[in-house]
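What follows is a short report on a single structure.
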Amino acid sequence: MADTAASNEVAVQEKDHDYGTPHHDGDTHSTANTVHQRLRANSTIMQLKKILVANRGEIPIRIFRTAHELSLQTVAVFSYEDRLSMHRQKADEAYVIGKRGQYTPVAAYLAGDEIIKIALEHV
191 MADTAASNEV AVQEKDHDYG TPHHDGDTHS TANTVHQRLR ANSTIMQLKK
241 ILVANRGEIP IRIFRTAHEL SLQTVAVFSY EDRLSMHRQK ADEAYVIGKR
291 GQYTPVAAYL AGDEIIKIAL EHV
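Following the working numbering, the numbering of the sequence shown begins with 191 at its first residue and continues without gaps.
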């Protein structure tokens, strides 16, 4: 019972904590807005103009959404079988991995040499 009360007290302290100030553990916790400002201020990171995502499904769609919010161009690579997929349509540019029938749908995304070749040509 005492353990439950102690854990509830810690949860309340965490809930009321201002994440932009030093925490009792000595770390400074930042809000998402502060992290975004740091990203913008870091010239090395913001030199990115275009990103390539070699994945399929929901993950690349989320990455593309975030990239557009950061004013980055996006490139999708896709297997021939995924040519009508949503992640291909959401990207600014899209390129097929290999030739028709060269790879299975899963193997295409593991074809590192092909993906690097596309990246060097288009990113």
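All C-beta atoms, glycine included, are put in the ideal place defined by N, C-alpha and C.
Quick check on this structure: which residue in the options has the alpha carbon closest to the alpha carbon of residue i?
i           : options            : result
residue 278 : 291, 259, 248, 293 : 248
residue 250 : 260, 259, 265      : 265
residue 246 : 311, 284, 306      : 284
residue 308 : 287, 261, 300, 271 : 287
residue 280 : 296, 237, 256      : 256
residue 296 : 306, 313, 267      : 267
residue 294 : 269, 304, 274      : 269
Going by the DSSP bridge assignment, what does residue i pair with across the sheet?
i           : result
residue 264 : 241
Rounding to the nearest angstrom, what Cα-Cα distance links residue i and residue j in this structure?
i           : j           : result
residue 276 : residue 258 : 16 Å
residue 311 : residue 263 : 15 Å
residue 253 : residue 261 : 12 Å
residue 243 : residue 272 : 14 Å
Original post:
Curious, which full-length beta strand (DSSP E) runs of at least 3 residues does the region 241 to 310 contain?
Top reply: Those beta strand (DSSP E) runs which fall completely within the region 241 to 310 and span 3+ residues are 263 to 268, 283 to 286.
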